[in-house]
Amino acid sequence: MSLPTSPDQLAQSVLASTTEAIIVIDMDYKIVLLNPAAQNLTGMSTRQAMGQHLEVLFKDQEGLLYLVNTSMQEGRSISDRETIQLSRPSAPDLPVSATVSPLFTDNGQQEGVILSLHDASHVRQLEQDVQRADRLAMLGTLAAGLAHEIKNPLGGIKGAAQLLSMELAKRNDLREYMQVMIKETDRINEIIEELMNLTTPRSQVLSEVNLAKIIREIVLLQQQSEAAAEKTFDLQLDPTIPPITGDQTLLT
C-alpha cells in the first residue's frame with residue numbers, strides 16, 4: 248500500500264495517525280482543526296469544537312490561554328511541560344505538556360497557532376515513584392540507625408531478665424513475668440529486624456500456636472501498665488480450643 252500522493256492528503260493522514268493531540272486555532276481564537284488524538288485527550292468531538300472560541304471551550308484554563316495568547320501576539324513558540332492541568336467535561340483533570348507554535352502562510356503572514364498537547368500523567372507517576380523510592384531509602388537509613396540504638400539496650404534488658412529468672416527460680420509468680428519479658432524482647436528484636444529490611448519483610452513462620460497462652464501473656468503485661476491501673480481484667484479461656492497454625496509473633 249502506497250502513501251497518499253497529494254501533500255494535503257498526506258498531511259491529513261499524518262494528523263489522523265499521530266498520537267500527539269493537535270488543535271489549530273485561527274487569529275480570531277476559533278478552533279479550525281481538532282485531530283483524533285486531541286478529541287480523545289480533551290473529551291470533545293469535532294462537532295463540539297469546530298468554530299468555537301477557545302475561551303469558551305477552555306474557560307478557566309489560564310495556563311493554556313496564556314500560552315496561546317503569547318504565541319498569537321508575539322509570533323513565537325512557547326511551551327509548558329510541567330504545570331498545565333487540562334480540565335475535561337466528562338473525565339478527571341489530566342496533567343499535560345503543552346506547546347503552542349505560530350502558523351504562517353507561504354508569504355510569512357501569521358494565520359493562527361498550533362496547540363500541541365501531550366498526556367504527561369505517566370511522567371507524573373514516574374516522578375512520584377522516584378520520590379517514593381527516595382523516601383523509602385531515607386526511611387531505611389533511619390530505621391537502620393534507630394535499630395542499632397535500640398538493639399544494644401534491648402540486649403541488656405534481655406540479659407538482666409534472664410539473670411533475674413534464674414535468681415527467682417523458686418518464685419513461679421515472678422518467674423513468669425521474667426519469661427514474658429524475655430519473649431517480648433525477642434519479639435521487639437524481630438520487629439527491628441523487619442524495619443531494617445523494609446522492602447522485603449520477612450515471610451511468615453508457621454507453627455502450632457496456643458492462643459490461650461498468647462492471650463494470657465498479653466493480659467499479664469497489660470495488667471501492669473499504668474493505663475490499666477483502674478481496670479479489672481476477667482480472663483475466661485476455653486481450655487478445649489486446640490492449637491492453630493499461625494505465626495506466633497504476628498498474632499501477638
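If you count the sequence shown from 1, you need to add 247 to reach the working numbering.
The beta-carbon is built from N, C-alpha and C at its ideal position, and this holds for glycine as well.
Subject >> Exposed unless 16 or more other CB atoms sit within 10 angstroms - verdict on Ile284 >> reply: The sequence position of residue 284 within the sequence shown is 37, counting from 1. Correcting the residue identity first, residue 284 is Ala in this sequence and not Ile. Buried.
Subject >> Secondary structure of Glu423, DSSP reduced to three states >> reply: As a working note, residue 423 is residue 176 in the sequence shown. Note: Glu423 maps to helix in three-state DSSP.
**OP:** Return the chain-ordered ranges of every beta strand (DSSP E) run that is complete within the segment 256-323 and spans a minimum of 3 residues.
**Re:** 268-273 and 278-281
**OP:** Using a threshold of 8 Å, state whether the C-beta atoms of Val315 and Leu362 are closer than that.
**Re:** Indexing the sequence shown from 1 puts residue 315 at position 68. Indexing the sequence shown from 1 puts residue 362 at position 115. Cβ distance < 8 Å, so Val315 and Leu362 count as in contact.
Original post:
Would you report the Cα separation of Thr293 and Leu281, rounded to the nearest angstrom?
Top reply: Residue mapping note: residue 293 aligns to position 46 of the sequence shown, counting from 1. Residue mapping note: residue 281 aligns to position 34 of the sequence shown, counting from 1. If you take the alpha carbons of Thr293 and Leu281, they lie about 6 Å apart.
Subject >> For Phe351, the residue or residues it bridges with in DSSP >> reply: The sequence position of residue 351 within the sequence shown is 104, counting from 1. Gln357.
Original post:
Of all the options Met425, Leu389, Thr346 and Glu464, which has the alpha carbon lying nearest to the alpha carbon of Gly406?
Top reply: For the purposes of this step, residue 406 is taken as residue 159 along the sequence shown, with counting starting at 1. The residue with the shortest Cα to Cα distance from Gly406 is Met425.
**OP:** Check the C-beta distance from Gly298 over to Ile278 and give it rounded, since I have them as a contact under 8 Å.
**Re:** The residue labelled residue 298 in the question sits at position 51 within the sequence shown. The residue labelled residue 278 in the question sits at position 31 within the sequence shown. About 7 Å separates the two Cβ atoms, so the contact holds.
**OP:** Determine the DSSP secondary structure at Ile435, reduced to helix, strand or coil.
**Re:** Taking the first residue of the sequence shown as 1, we reach residue 435 at position 188. Looking at Ile435 - three-state DSSP - the assignment turns out to be helix.
Subject >> Distance cut-off 7 Å: Leu468 Cβ against heavy atoms of the ligand COA >> reply: Ligands in the displayed structure: none, and consequently the ligand COA is not present.
Original post:
How do the segment 348-364 and the segment 268-277 stand: do at least 3 beta-carbon pairs fall below 8 Å, yes or no?
Top reply: yes
Subject >> Residues that DSSP places opposite Pro342 in a beta bridge >> reply: On the sequence shown, residue 342 is found 95 positions in, with the first residue counted as 1. Beta-bridge pairing links Pro342 to Gln332.
**OP:** Classify Thr330 as buried or exposed, calling it buried when 16 or more other Cβ atoms lie within 10 Å of its own Cβ.
**Re:** The sequence position of residue 330 within the sequence shown is 83, counting from 1. Exposed, since its Cβ has fewer than 16 Cβ neighbours within 10 Å.
**OP:** Please list, in chain order, all residues of the same chain as Tyr276 whose beta carbon is under 8 Å from its beta carbon, the five residues on each side excluded.
**Re:** Here residue 276 refers to the residue found at position 29 when the sequence shown is read from its first residue. Within the same chain, Tyr276 has close Cβ partners His300, Leu301, Glu302, Val315 and Met319.
Subject >> Bridge partner(s) assigned by DSSP for Ile491 >> reply: Position 244 of the sequence shown, counting from 1, holds the residue named residue 491. Its beta-bridge partners are Val456.
Subject >> Outcome for Val377 when other beta-carbon atoms lying within 10 angstroms are tallied against a minimum of 16 >> reply: The sequence position of residue 377 within the sequence shown is 130, counting from 1. By the 10 Å Cβ count, Val377 comes out exposed.
**OP:** To the nearest angstrom, report how far apart Gln259 and Thr265 are at their CA atoms.
**Re:** Translated into positions along the sequence shown, residue 259 becomes position 12. Translated into positions along the sequence shown, residue 265 becomes position 18. Each residue's alpha carbon lies about 10 Å from the other.
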